[in-house]
Amino acid sequence: MSQNYDITMKNIFSDMADDIMSYFLGLQYTKIDELNIEFARIERRDSDMIFKCTTDKGNVAVHIEFQSENDGKMPYRMLRYSLEIMEKHNLLPYQIVVYIGKDNVKMENSLSYDFGEQNTLNYKYKIINVGDIKYTDVLNTDYYDLYSLLPLMDQNRRKEEGEKYLERCVEAIKDIPLDINKKKDIAFKAEILSGIVYKKEVIEKVFSEVVRMFRIEESETYKMIIEKGIEKGIKEGIEKGIEKGIKEGIEKGIEEGIKKGAKEEKIAIAKKLLKNGMPIDKIAEITELSEDEIKKLMN
């Protein structure tokens with residue numbers, strides 16, 4: 004899985020970590036530190052999120068992975084991750100896979116075998132299907148960072164109501180009793196994540212008003228994803244390992260961000276792409292600047 008995906012995951016979900024642990028897990032904890040573990044021996048990727056926490060059972064490493072597609076190899080990956088955590092930090096891992104995919108969960112959450120008393124394995128971890136969480140249940144809480152996940156929740160209701168459900172989600176975000184900058188971030192993340200389950204034209208239609216109202220291009224998360232996404236895209240390309248639904252959402256976010264961004268932002272992006280050696284015609288296609296405008300930037 005690509006580093007581009009890892010960076011984007013951290014940008015999108017970093018603010019949700021506390022709400023996920025409190026609401027999804029019901030975990031009573033005190034977060035001590037974030038552990039950045041690179042699983043080089045496993046898949047040459049960073050973990051999505053790992054936090055050292057104090058609980059009533061002592062210090063643990065809460066490990067959260069986000070998955071937008073069913074992966075039959077997930078139990079093997081999670082077991083390898085748990086061993087890395089125990090070896091490097093001497094902490095018991097509390098592991099969760101947060102499934103944000105469009106389809107039903109089809110992944111196993113355990114591995115086991117028994118070849119006698121001295122040759123056994125009984126390994127399990129928790130899978131949370133966001134699609135099983137009820138829209139109204141979250142709205143009755145003050146876990147506002149989870150509102151970014153509303154478009155992926157309540158799978159049955161979402162399928163029944165279609166576009167109307169997404170409109171409800173946007174209205175709920177608009178009504179959050181938080182400052183405008185926080186709303187911008189939540190709305191932008193919700194727009195990106197909507198790409199997993201909704202078509203582009205529906206997302207554009209439903210989010211058009213809130214984008215204008217909040218000036219989402221000023222969101223800090225937007226700025227980080229645009230900048231880091233473009234830089235990583237230039238250096239590494241879009242690798243096959245990127246989760247399909249998130250990949251489409253990110254690409255839409257970048258495409259729409261460039262389209263809606265101010266002229267100065269387009270110029271700044273063009274300069275960065277020129278510095279990285281991208282052809283002028285390709286830069287013109289991405290930034291919507293004319294080739295003549297881009298040639299002037301070379302001077």
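Residue numbers for the sequence shown follow our numbering, beginning at 4 and rising by one.
Where a beta carbon is used, it is the ideal one built from N, C-alpha and C, also for glycine.
Helix, strand or coil at residue i [DSSP, three-state]
i: TYR102; result: strand
i: VAL63; result: strand
i: LEU30; result: coil
i: GLU37; result: strand
i: ASP49; result: Caution applies to ASP49, whose pLDDT of 48 falls short of 50 and renders its modelled position unreliable; the value that the coordinates give is listed next. If DSSP states are grouped into helix, strand and coil, ASP49 belongs with the strands.
i: PRO78; result: helix
i: LEU95; result: strand
i: MET281; result: coil
i: GLU242; result: With a pLDDT of only 43 at GLU242, under 50, the local geometry of the prediction cannot be trusted, and the value read off the model is given with reservation. GLU242: coil per DSSP, three-state reduction.
i: LYS274; result: helix
i: ILE289; result: helix
i: LYS269; result: helix
Euclidean distance between Cα positions of residue i and residue j
i: MET81; j: MET19; result: 21 Å
i: LEU181; j: LYS162; result: 29 Å
i: TYR150; j: ILE23; result: 11 Å
i: ILE176; j: GLU120; result: 54 Å
i: ALA271; j: LEU277; result: 10 Å
i: ASN305; j: TYR79; result: Residue coverage of the chain in this structure runs from 4 to 302, which leaves residue 305 outside it and unanswerable.
i: ILE99; j: THR58; result: 16 Å
i: VAL173; j: PHE210; result: 7 Å
i: ASP157; j: ASN122; result: 42 Å
i: VAL143; j: SER197; result: A small fix is needed here, since residue 143 is Asn in this sequence, not Val. Approximately 21 Å, taken between the alpha carbons.
i: PHE54; j: GLU194; result: 27 Å
Residue i, enclosing beta strand (DSSP E) - first and last residue
i: MET52; result: 52–58
i: GLU163; result: Careful: GLU163 lies outside any beta strand (DSSP E), inside the alpha helix (DSSP H) at 158–164.
i: ILE131; result: 129–132
Those residues which DSSP pairs with residue i across a bridge
i: TYR116; result: LEU124
i: GLN70; result: TYR102
Where the alpha helix (DSSP H) containing residue i begins and where it ends
i: GLU294; result: 294–300
i: GLU111; result: Taken as a continuous stretch (DSSP letters only), GLU111 belongs to no alpha helix (DSSP H), as it is neither H nor E.
Alpha helix (DSSP H) segments (min. 4 residues) lying fully within the segment 140–208: 158–164, 166–177 and 183–197
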